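Here's the structure, in structure tokens; my notes come after.
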Amino acid sequence: MVASEGKSAARARCDRERDDVPVASKRSGPTANLEAFALSLPGAFADMPWEDDFVAKVGKKIFVFFGSEEHPVISVKLPESADHALATPGAAPTSYGLGRHGWVTVPVDRPEAPEELLRDWIEESYRAIATKRLVAELDRREG
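Going letter by letter, the sequence shown gives residues 9 to 151 in this note's numbering.
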């Protein structure tokens, strides 16, 4: 937030910035349903900060990285479930130092990680990143 602008002005600026972001991934394959789920969470939107790297954000923060179509994975922040996720075959701490902060990269095309479990991890990551107001909105939806 710029020092001279209030919270509502900063929120409006953030909304304007999101207008330029693609609404959804055009990809298919094993991550398509997970991408749709992530984007259904309150305030979530799609972004491609790097070439061919599709992510879901809430506010200005990424809560899930989606791998390439050739290597279908998700990377999520798991403050409670990291050990469980790391026990999945093929899972590893996320690179670039994110693993030290609870980020885990998990393959999505393994029977040991069914879609329901991957959705739970996406939601856990969202809850770790989103504001309290958006988490409360999600809780009301699930109520």
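From the three backbone atoms N, C-alpha and C, an ideal C-beta is built for every residue, glycine too. Keep in mind it's a predicted model, so treat the numbers as computed, not measured.
- Query: Are the Cβ atoms of E126 and L42 separated by less than 8 Å?
  - Reply: Reading off the sequence shown, one finds Leu at residue 126, where the question assumed Glu. Taking 8 Å as the cut-off, the beta carbon of L126 is found closer than this to the beta carbon of L42.
- Query: When burial is assigned at 16 or more other CB atoms within 10 Å of the CB, is S133 buried or exposed?
  - Reply: buried
- Query: From P97 to R118, what distance separates their C-alpha atoms?
  - Reply: 8 Å
- Message: Let me make sure I understand the geometry here. Which of A144, K140, P57, V114 has the alpha-carbon closest to that of T39?
- Response: Looking at the Cα atoms, V114 is the closest of the given residues.
- Message: Any beta carbon of chain B sitting closer than 8 Å to that of H109?
- Response: No chain B is present in this structure, which holds just one protein chain.
- Message: Within 10 Å of its beta-carbon, does S83 have 16 or more other beta-carbons around it, so buried, or fewer, so exposed?
- Response: buried
- Query: What are the start and end residues of the beta strand (DSSP E) that includes A54?
  - Reply: 52-58
- Task: Under 8 Å by Cβ, that's how I've got A138 and G51 pegged, so tell me the actual separation to the nearest angstrom.
- Result: 7 Å
- Query: Roughly how many whole angstroms lie between the Cα atoms of A99 and H92?
  - Reply: 10 Å
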